[in-house]
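The numbers in full-length UniProt numbering rise by one with no breaks, and the one at position 84 of the sequence shown is 87.
Idealized CB from N, CA, C, for every residue including glycine.
Scroll down for the structure; my scribbles are underneath it.
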Amino acid sequence: PRKIIIDTDPGQDDAAALMLAFASAHELKVLGITTVAGNVPLRLTSRNARIVCELCHRQDIPVYEGAVRPMVRALVTAEHVHGKTGLDGADLPEPSMAVQDQHAVDFIIETLRSHPAGSVTLCTLGPMTNIGLALQRAPDIAPMIREIVMMGGGFSEGGNITPAAEFNIYVDPHAVDLVLKSGVPVTMMPLDVTHQLMTSKARVARIAAIGTRPARVMVDWLEFFERFDEEKYGSDGGPLHDPTVIAYLIKPELFSGRYCNVEIETQSELTMGMTVVDWWRVSGRKSNVQVMRGVDADGFFDLLIERFARL
Ligand code: BDR
Ligand code: CA
4 PRKIIIDTDP
14 GQDDAAALML
24 AFASAHELKV
34 LGITTVAGNV
44 PLRLTSRNAR
54 IVCELCHRQD
64 IPVYEGAVRP
74 MVRALVTAEH
84 VHGKTGLDGA
94 DLPEPSMAVQ
104 DQHAVDFIIE
114 TLRSHPAGSV
124 TLCTLGPMTN
134 IGLALQRAPD
144 IAPMIREIVM
154 MGGGFSEGGN
164 ITPAAEFNIY
174 VDPHAVDLVL
184 KSGVPVTMMP
194 LDVTHQLMTS
204 KARVARIAAI
214 GTRPARVMVD
224 WLEFFERFDE
234 EKYGSDGGPL
244 HDPTVIAYLI
254 KPELFSGRYC
264 NVEIETQSEL
274 TMGMTVVDWW
284 RVSGRKSNVQ
294 VMRGVDADGF
304 FDLLIERFAR
314 L
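As structure tokens, this is what we get:
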């Protein structure tokens, strides 16, 4: 299986991504989970990551706490989408598993240095602060990283936290800027993909029909998470962003995109965190990101539901 580190800020859709990874041991080996401040402050994202591990009886996966705040800007959170705890919707006991003593950034650096070059993939489901800090502190790890698969950004779809920016990039644009200039191969799942993956009533009913405890809790989480989009936009369900990263590693053929140049706006208040995607290669700048745009939505949900049933 492919070795991965999942960097995350759970979040109901982050939880779905973690569960998809846990259910796919044949394809993926999760070396560790690193948490970051994003949807809610770090204390809560670390709590939520451990809640998901315990729900799936995966206390064997170490959880490392990372950055409490973005590299340069002040933290912006998203309780309006995810609720006060970041994982509202289900009533679960506080986690009893401990977080590791080692800092997430040190874990990332040490793991990359101690594994053969090109064997560890980083999956980022939240602001990229931990990865930015790791690359800043230890530039030697850049050529060791097999690939970074990230959820973030948007181009024809626009932004979801400002008109120009997607949440994960907006929270820490400087970290993403550093990553995109590092030469590490990056695959990006922007809103252009994730907004095609709506958790409709029919799809959530299929998850409910699995009948296991993890599936029932996931339904409760999704029903809370959907409320924001349903009330604001009148949609049937909400967009399942973060599991795209894991689905891509399991079944890349579900996605299509283009290798092109992406730059991050870090100066302008109006367009802070905008992903400027050179889709038509008009800039002459070097391609640095595989940007996804197309997705087989039914295939994606078939995969998700088939895997959730294994938990
Ligand atoms: C991203 O922001 C968070 O709210 C979600 O968990 C996802 O990672 C979508 O913009
Ligand atoms: Ca997230």
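Span of the alpha helix (DSSP H), counted from its first residue to its last, around Arg46: Stepping through the sequence shown from its first residue, residue 46 is reached at position 43. Taken as a continuous stretch (DSSP letters only), the alpha helix (DSSP H) holding Arg46 covers Leu45 to Leu58.
heavy atom of ligand 2 below 8 Å from Met191 C-beta: Against the sequence shown, residue 191 aligns to sequence position 188. No; taking the cut-off as 8 Å, the Cβ of Met191 has no heavy atom of ligand 2 nearer than that.
C-alpha gap between Asp207 and Arg140, whole angstroms: The count along the sequence shown starts at 1 and reaches residue 207 at position 204. The count along the sequence shown starts at 1 and reaches residue 140 at position 137. Checking the sequence shown, residue 207 turns out to be Val, not Asp. Distance between the alpha carbons of Val207 and Arg140: 43 Å.
Euclidean distance between Cα positions of Gly69 and Ile112: In the sequence shown, the residue the question calls residue 69 occupies position 66. In the sequence shown, the residue the question calls residue 112 occupies position 109. Cα-Cα distance, rounded: 12 Å.
From Leu128, Val189 and Ser238, residue whose alpha carbon lies closest to that of Leu21: For the purposes of this step, residue 21 is taken as the residue at position 18 of the sequence shown. Checking every option, the nearest Cα to that of Leu21 belongs to Leu128.
Proximity of Ala19 and Trp224 at Cβ, strictly below 9 Å: Here residue 19 corresponds to residue number 16 of the sequence shown, with the count starting at 1. Here residue 224 corresponds to residue number 221 of the sequence shown, with the count starting at 1. Yes.
Pick from Pro142, Pro130 and Phe110 that is closest to Gly156, judged by C-alpha positions: If you number the sequence shown from 1, residue 156 lands on position 153. Ranking the options by Cα distance to Gly156, first place goes to Pro130.
DSSP three-state assignment for Met74, whether helix, strand or coil: As a working mapping, residue 74 is identified with position 71 in the sequence shown. Note: Met74 maps to coil in three-state DSSP.
Which of helix, strand or coil DSSP assigns to Gln293: As a position in the sequence shown, residue 293 is number 290, starting the count at 1. It is a strand residue.
Outcome for Gln270 when other beta-carbon atoms lying within 10 angstroms are tallied against a minimum of 16: For the purposes of this step, residue 270 is identified with residue 267 of the sequence shown, where counting begins at 1. By the 10 Å Cβ count, Gln270 comes out exposed.
Straight-line gap, Leu45 to Arg230 (C-alpha atoms, nearest Å): Numbered from its first residue, the sequence shown carries residue 45 at position 42. Numbered from its first residue, the sequence shown carries residue 230 at position 227. Cα-Cα distance, rounded: 24 Å.
Among Ile144, His244 and Met153, the one whose alpha carbon lies nearest that of Gly14: For this step, residue 14 is matched to residue 11 along the sequence shown. Of the candidates Ile144, His244 and Met153, the one whose C-alpha sits nearest the C-alpha of Gly14 is His244.
Cα-Cα separation between Trp282 and Cys263, rounded to whole angstroms: Walking along the sequence shown from the start, residue 282 turns up at place 279. Walking along the sequence shown from the start, residue 263 turns up at place 260. Rounded to whole angstroms, Trp282 to Cys263 spans 6 Å at the Cα level.
Chain-order list of residues whose beta-carbon lies under 7 Å from that of Lys289 (same chain, five-residue window excluded): Reading the sequence shown from its first residue, position 286 is the one you call residue 289. So the qualifying residues of the chain are Asn264.
Beta-bridge partners of Leu21, as assigned by DSSP: Counted from its first residue, the sequence shown places residue 21 at position 18. Its beta-bridge partners do not exist; DSSP assigns none.
Assigned exposure category for Val285 - 16 Cβ within 10 Å defines buried: Within the sequence shown, the letter at position 282 stands for residue 285. Exposed: under 16 other Cβ atoms inside 10 Å.
Residue-level contact to chain D via CB, Pro65, 9 Å cutoff: The question asks about chain D, but that chain is absent: this structure has only one protein chain.
Residue 316 Cβ short of 8 Å to ligand 1 heavy atom set: Any answer about residue 316 is impossible in this case: the structure gives the chain only from 4 up to 314.
Any heavy atom of ligand 1 nearer than 6 Å to the CB - residues listed: Gly14, Asp16, Asp17, Asn42, Ala81, Val84, Leu128, Gly129, Met154, Asn163, Glu169, Phe170, Asn171, His244 and Asp245
Beta-carbon proximity list for Lys204, same chain, < 8 Å, skipping 5 on both sides: Numbered from its first residue, the sequence shown carries residue 204 at position 201. Excluding sequence neighbours, Lys204 sits near Asp239 and Gly240.
beta-carbon Thr11 near ligand 2 non-hydrogen atom, thresh 8 Å: Numbered from its first residue, the sequence shown carries residue 11 at position 8. Yes, the Cβ of Thr11 comes within 8 Å of a heavy atom of ligand 2.
Whole-Å CB distance - Tyr251 paired with Val152, under 8 Å assumed: Position 248 of the sequence shown, counted from the first residue, corresponds to residue 251. Position 149 of the sequence shown, counted from the first residue, corresponds to residue 152. Their Cβ separation, rounded to whole angstroms, is 6 Å, which keeps Tyr251 and Val152 in contact under 8 Å.
Check whether Thr124 and Glu150 have beta carbons under 9 Å apart: On the sequence shown, position 121 is the one that residue 124 refers to. On the sequence shown, position 147 is the one that residue 150 refers to. Yes.
Collapsed DSSP secondary structure at Asp94 in the structure displayed: Residue mapping note: residue 94 aligns to position 91 of the sequence shown, counting from 1. DSSP places Asp94 in coil when its eight states are reduced to three.
Own chain partners of Asp16 with C-beta closer than 7 Å, once the 5 adjacent residues on each side are dropped: Along the sequence shown, one-based indexing puts residue 16 at 13. Answer for Asp16: Phe228, Leu243, His244, Asp245 and Pro246, listed in chain order.
C-alpha gap between Arg76 and Ser122, whole angstroms: Sequence index remark: in the sequence shown, residue 76 carries index 73 (1-based). Sequence index remark: in the sequence shown, residue 122 carries index 119 (1-based). Cα to Cα, the separation comes out at about 32 Å.
Test item: CB-CB of Ile172 and Gly276 under 9 Å: Here residue 172 is taken as the residue at index 169 of the sequence shown, counted from 1. Here residue 276 is taken as the residue at index 273 of the sequence shown, counted from 1. Yes; because the gap between Cβ atoms is below 9 Å, this pair is in contact.
Under 9 Å between C-beta atoms of residue 315 and Gly237: The requested residue 315 is not part of the displayed model; the chain covers only 4 to 314.
Nearest neighbour of Val71, chosen from Thr114, Ile164, Asn133 and Pro188 [CA to CA]: Position 68 of the sequence shown, counted from the first residue, corresponds to residue 71. Of the listed residues, the one whose Cα sits closest to Val71 is Asn133.
One or two residues paired with Lys32 in a DSSP bridge: Sequence index remark: in the sequence shown, residue 32 carries index 29 (1-based). Answer is Lys6, bridged to Lys32.
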